[in-house]
Structures are given as structure tokens and as C-alpha cells.
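Asker:
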Amino acid sequence: MITLNRDRLLIHKDQDVVILRNRVKEYATKIGMGLVNQTKLITGTSELVRNMLRYAQGGEVLIEVVSRGRENGIRLTFSDRGPGIADLDKAMQDGFSTGRSLGLGLPGTKRLMSEFSIKSAPGEGTTVTVIKWKNG
Amino acid sequence: MDRIPILKMGQFLLVTIQIDLYDRIALNLETDLVQMIHKTGARGVLIDISAVSIVDSFMGRILGNIATMSKILDAETVVVGMQPAVAITLVELGLPLNGVFTALNVERGMNLLQSRLASNPDEEEDEDDNPE
Amino acid sequence: MKASTIKMLQSKKEQIIELWMENQMEDPTLREDLMSNEDLRVQSIELIDTLLHTLNEGNSTQVESQDFEPVFEILAGISLSRARQGYTPRETATFIFSLKDAIFSVLGENISDLSLLNQELLEVSKLIDSLGIVTFETFIQGREEVILRQTDEIAEISTPIIRVWDGIIALPIIGTLDSARTQIVMENLLVEIVNSESSIAILDISGVPAVDSLVAQHLIKTVSATRLMGAECIISGIRPEIAQTIVHLGIDLSSIITKATLASALRQAFTMLQLEVTKVRKDKKV
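Protein chains in written order, with the working numbering: chain A, 630 to 765; chain B, 33 to 164; chain C, 144 to 429.
(1) Report the three-state DSSP secondary structure of L371 of chain C (helix, strand or coil).
(2) State the Cα-Cα distance for the pair K402 of chain C and L649 of chain A, rounded to the nearest angstrom.
(3) By alpha-carbon positions, which one of C:G251, C:T302, C:R292 and C:A236 ends up nearest to D272 of chain C?
(4) Measuring CB atoms only, is the segment 632-650 of chain A touching the segment 676-693 of chain A, in the sense that at least three cross pairs come out at less than 8 Å?
(5) Quick one: give me the first and last residue of the alpha helix (DSSP H) that V646 of chain A is part of.
(6) Given a cut-off of 8 Å, decide if L670 of chain A and I703 of chain A are closer than it, judged by their beta-carbon atoms.
(7) First and last residue of the alpha helix (DSSP H) that includes N97 of chain B?
(8) Interface residues of chain A around T121 of chain B at Cβ under 8 Å?
(9) Please report the distance separating the alpha-carbon of E744 of chain A from that of D34 of chain B.
(10) Nearest CA to the CA of I149 of chain C: which residue from C:S187, C:T204, C:L177 and C:C376?
(11) Taking only beta-carbon atoms, is R148 of chain B less than 8 Å away from chain A?
(12) Can you tell me the Cβ-Cβ gap for L136 of chain B and S342 of chain C, rounded? I've got them flagged as a contact below 8 Å.
(13) Give the C-beta separation of R140 of chain B and G373 of chain C to the nearest angstrom, bearing in mind that I take them to be a contact with Cβ-Cβ under 8 Å.
(14) Which residues mark the beginning and the end of the beta strand (DSSP E) in which F133 of chain B is found?
(15) Look at the Cβ atom of T197 of chain C, then the Cβ atom of D210 of chain C, and state whether they are nearer than 8 Å.
(16) Nearest by alpha-carbon distance to S356 of chain C: which of C:C376, C:L320, C:G350 and C:K156 is it?
(17) For I760 of chain A, which three-state DSSP category applies?
(18) What did DSSP end up calling I381 of chain C once you bin it into helix, strand or coil?
(19) Who are the near neighbours of S339 of chain C in its chain, counting only those whose CB is closer than 7 Å to its CB and skipping five residues on each side?
(20) Given that D55 of chain B touches chain A, what residues does it touch there, using C-beta distances under 8 Å?
(21) Between which two residues does the alpha helix (DSSP H) holding R635 of chain A run?
(22) Any Cβ of chain A within less than 8 Å of the Cβ of E330 of chain C?
(23) Can you check whether the CB of V138 of chain B is closer than 8 Å to the CB of D80 of chain B?
(24) What is the DSSP secondary structure of T204 of chain C, reduced to helix, strand or coil?
(25) Taking buried to mean at least 16 other C-beta atoms within 10 Å of its own C-beta, is A83 of chain B buried or exposed?
(26) For a quick check, are the C-beta atoms of L218 of chain C and T278 of chain C less than 8 Å apart?
(27) Would you say M114 of chain B reaches chain C, if we count a Cβ-Cβ gap shorter than 8 Å as a contact?
(28) Please list, in chain order, the chain A residues whose beta carbon lies closer than 8 Å to that of Q326 of chain C.
(29) S356 of chain C versus chain B: which residues are under 9 Å apart at the beta carbon?
(30) Quick check for students: name the residue ranges of the alpha helix (DSSP H) that lie wholly in the segment 147-224 of chain C, counting only runs of 4 or more.
(31) Could I get the ranges of all uninterrupted beta strand (DSSP E) runs contained in the segment 662-722 of chain A, with 3 residues as the minimum, in chain order?
(32) Identify the contact partners of I117 of chain B in chain A, using a Cβ-Cβ distance below 9 Å as the criterion.
(33) With a threshold of 8 Å between beta carbons, is P128 of chain B in contact with chain C?
(34) If you drop the 5 nearest sequence neighbours on each side, which residues of the same chain put their C-beta closer than 7 Å to that of H70 of chain B?
(35) Considering only DSSP beta bridges, list what I343 of chain C is partnered with.
(36) Quick one: is I51 of chain B buried, meaning 16 or more other Cβ sit within 10 Å of its Cβ, or exposed?
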């Protein structure tokens, strides 16, 4: 996989979400991603960034334009220094939440993305990496 | 301003969301709408989201909350004008917004509200209590 | 490869070409019907020229390096033109591999140090192997492009949307409904609902060969998305054997309006829109 372009954004407050969403949309439009896939990507972004704000009071998002073979896509890496997730398997189940949400954030986001990986340990923060391919 | 205007149209309230929502605005909208329903005794709420390009699980939950809360206050909620891409994404996300009425556009939404009011004779008596 | 070896090969270029041509002529699979020997010679010389010109001491073991770009370009060109002429991939690869014999015998004649000879043979062998692989890859790539283009075309043509009445659209699905297809169907359907301001969509699955739990899930998703838009979706064209499978698999379609035929779906749609179809009575007296 080749990275063609990268950009970094710090997330501290609610309104940063709007800036991030617009930035992601810009990149997705640039590689010619269709409207439905763009919407899925941005909705997933919104979910992940909310988790970051809620559980870790913010963090950093890396936006990359990546290319593999004939496919182009957007890779996003969300990293925070929050409390981390104790039971990842459980967090990935529909309807599970430690906060007062619907518990659709992580599993729902995974369904919206082409690729999804999460690394987390209690006390060490959480890193979520997602890829949305242009035609995926 | 972090607030979305709510318009009163007869016995209905109309909200047109024309900015990109973030959580604070959505929460304010929930509070404002419930207050407004209480104050005006509105019988229906129309939320036009045709200009909204994304609805994630939080905003979906707010829409569901508004519908349930207004139901308790005896008002029906109709979400109108959802974009196709938004609908597909919500379904994929696992949030089909069960219990929320939907319509293609404001006009259809208004018809839906009116026919729901008309089909419920008990509630028509209430209407007589509150002439326009 | 040693610089001296490469120099030697470059000086013996004519000999290599002659040997290679001889080998090819002797090969029983030579396709004189597809390409004249003159053209074959031109092609062979062009390839050897570029290859020997590209080779140097540093890059001979690194076929991935940028240096080999021109060689690969020629190979790709050869592979494509041969595929069009009707050569099999095996024949094209054999053409490349037969170059080995020619180079091997030149190396054998001119290098007396056995261990050096051994090493150079090995390297040349690897190099030509990768060249052969390039012809295969180009061939496959060409095929893949054709397949991709056809997939796109199938996706485009297989989802026509029909306006059957004011406010009612129908979409016959033909073929298997996988997730990529569902996405296209859903998108087209929803966009058309907005454009035509239709409140009822009929999804006819008479042309879907089988409904398993995955296909059912796709159907349910499509119906849910339609409802989110404020329209209703009716699934029609359910054949008896499909109804059987659905029940045997324990799939719950109770949240969806299903009809056996498009006609009954249309009738249902009329009822929902409070429309009525009546027969015109001809007055016999007039």
C-alpha cells in the first residue's frame, strides 16, 4: 500500500468534528469517491471521533490518501491517550456500551468501512485505523 | 449560534436543519423542541433534514428521542427529506429509526400529520379545546 | 552479474540473436501461422537490444528496479499484441524462456571459471524467469480489465427502474443479489424515489435465482432504507420454492410487504394510494 498524501488534525472540542468531517470529505471528493461511500466514511468518522471526545477528551486524527493496486482510498487513524478499552471483543458487539449510547459506534462503524482495526489496552489509550476504498 | 430555529405553522412545528450538526446543536434542538411543543400545544412536528449530509448514531438517537418525547406530549413527529446516501448509511449502521415517521418532503409530511390527526377521533376533541 | 560478463554478452549480441532465432525455429510449437519469421526476428532483436542495454552490474539481481521499466514496457507490448494475435500465454512465455538456451551457451563458451559460470547462469536464469512472469502478468491484467469493464456494464444495465404509475416505481432484479449489487440497486432506487416523488417502490425478484439469508438481509436493508426516505417498499415475484426456502432457513420477512406477483403488488400499491381500477362499461345502445 502506498500513501499519497497525509494530513493531521487535533481534536479537542465538539466543533472540531465539523472541521474534521469537512476535511475528510475534501479528500474523499478529490479521489472521486461516490456519494454513498463518502457518506459512510464521514458517518463512521463522526462515530469514532465522538468516542475519542467522550472517553479520552480528544486526540489526534491522521488522514491519508492511500493506494493499493488499482484502488484508491482514504485511511484514517484515530489515536488517543484515554483510558483504553478493557474488553475489545465486547466493545465490538452490537448494543454494548459503557456510556449512555446505543452501543452501535464501533460495530456500526466497522460495517460502514472497508477495513477496520483497533488496538487498545487499559491505561494505554486507543488507536483505531479504518480504510474506505473508493469503490468499497 | 448553536441553535436551530423552530417555526410554528398552525398546529404543527417545522424545523429545517440547514447546517452540519454536531452533538451540542442536536442536544439543544431536542430541548428546544420539547419546550416549544409544551408551550404551543403543537400536535405535530416536522423535521426537514433534506440539507443534512450525515446522520450518525448520536443524531439518529436524538431524532428517535424527539419522536418519543413528543409522543408523550401528544404530538407526532415526521422526519422528512432524508437523502438516499444518508438512508443507506443509517441502515448499514444498524439504525433503521423504528418508530419515527418519515416522508419524502415537507408537503407529504404535512399530509401525513393531518391524516394521522384526522384518523384519531379522540384527539379531535382536544382540537376543539384549542381553536387556532 | 559481473561487469565483464555483461560486456561480453553485449559484444556477443549478434550471436545470441542468431542462437535464439535458431532455437525458436526448431521449436515444434512455433506459430508461423500467426507471425512471420521476419516479424519474430524484429521483436526478438528489440527485446535483446533493450535488455542488454539496461543490464549493469548493480541492477542484474534487482528486477524490481526502475531500470527495467523499458524492458517491461516492451514485454507488455509483446504480450498484449501476441494475446490479440491468438497466442496462448504459454506460447508467449516459452518465447521468452527460449532466450535462456541462447544466453547459456554463449556464457558457457566464454567463461572458463566454473564457479563464476555457475553463478552467472543462476542469475541469468532468474532474470529471464521474471521476464517470463511479466508476460503472464500483463496477460492476466488485460483479462482483468475486460472483466472489470463487463462487471460495471452488467451492474449498469441490470437495474432499470420503471415508473409504472404516478407515485409508483418498479425495479425488476435479475440475477444474484450480492452486497455490491444491493448497494447499486438501493442507491438507484432511492434516488429515483426522490426524483419521481414516488411513495411506493416495488422490488420484483422473479429474476433472482435463489434467496438465502444473505440475500434476504439485503432485501430487508433495501426496504428499511426506503422507509427511512418516507416511502414504502413492496417485494414481489416470490416464487413458491423461494417461499419454502425462506421458511426453511428461518428468515423473518414479517416486517416486509411481500406479494407473489407484480400484478398483486401493483394492486396493493393502488389500495395504499386509494386508487381504484374499474372496467369501462360500454353502453350497447349507442
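Think of the CB as a built atom: it goes at the ideal place given N, C-alpha and C, for glycine as much as any other residue. Keep in mind that this is a model prediction, so the values were computed, not measured.
Answerer: The answer reads as follows:
(1) In the structure shown, L371 of chain C sits in a helix (DSSP, three-state: H, G or I).
(2) If you take the alpha carbons of K402 of chain C and L649 of chain A, they lie about 46 Å apart.
(3) Nearest option by C-alpha distance: C:A236.
(4) Contact between the segment 632-650 of chain A and the segment 676-693 of chain A is present, because at least three Cβ pairs lie under 8 Å.
(5) Where V646 of chain A is concerned, the enclosing alpha helix (DSSP H) stretches over D645 to K659.
(6) Yes, the pair counts as a contact, with Cβ atoms nearer than the cut-off.
(7) That run of the alpha helix (DSSP H) goes S89 to I104.
(8) Neighbours of T121 of chain B on chain A, chain order: V665, T668, K669, T672 and L741.
(9) Distance between the alpha carbons of E744 of chain A and D34 of chain B: 35 Å.
(10) The shortest Cα separation from I149 of chain C among C:S187, C:T204, C:L177 and C:C376 belongs to C:T204.
(11) No - not a single Cβ of chain A is within 8 Å of the one on R148 of chain B.
(12) Contact annotation, L136 of chain B with S342 of chain C: C-beta distance approximately 6 Å; criterion of less than 8 Å satisfied.
(13) Yes, R140 of chain B and G373 of chain C are in contact; Cβ-Cβ is about 6 Å, under 8 Å.
(14) Its beta strand (DSSP E) spans residues F133 to A135.
(15) It is a contact, given that the beta carbons lie within the stated cut-off.
(16) With distances taken between Cα atoms, S356 of chain C lies closest to C:L320.
(17) Of the three classes helix, strand and coil, the one that applies to I760 of chain A here is strand, per DSSP.
(18) Three-state DSSP puts I381 of chain C in coil, outside helix and strand.
(19) R306 and I312, listed in sequence order.
(20) Result: D643, V646 and R679.
(21) Judged by DSSP secondary structure, R635 of chain A falls outside any alpha helix (DSSP H) and instead within the beta strand (DSSP E) spanning I631 to I640.
(22) Contact with chain A is found for E330 of chain C, since one of that chain's Cβ atoms lies less than 8 Å from the residue's Cβ.
(23) Result yes, Cβ atoms of D80 of chain B and V138 of chain B sit closer than 8 Å.
(24) Here DSSP, grouped into helix, strand and coil, assigns T204 of chain C to coil.
(25) Exposed, by the Cβ-count rule.
(26) Result yes, Cβ atoms of L218 of chain C and T278 of chain C sit closer than 8 Å.
(27) Answer yes: the Cβ-Cβ gap between M114 of chain B and chain C drops below 8 Å somewhere.
(28) Those are V665, listed as they occur along chain A.
(29) Taking a Cβ-Cβ threshold of 9 Å, none of the residues of chain B is close to S356 of chain C; the smallest such distance is about 17 Å.
(30) List check, alpha helix (DSSP H) in window: 156-169 and 180-197.
(31) List check, beta strand (DSSP E) in window: 688-697 and 700-709.
(32) Residue identity differs from the one stated: residue 117 of chain B is Ala in this sequence, not Ile. Near A117 of chain B (Cβ distances below 9 Å), the residues of chain A are G663, L664, V665, N666, Q667, T668 and K669.
(33) Taking Cβ atoms only, chain C reaches closer than 8 Å to P128 of chain B, which makes this a yes.
(34) L105, listed in sequence order.
(35) Under DSSP, I343 of chain C takes part in a beta bridge, and its partners are C:I311 and C:E375.
(36) Result: exposed.
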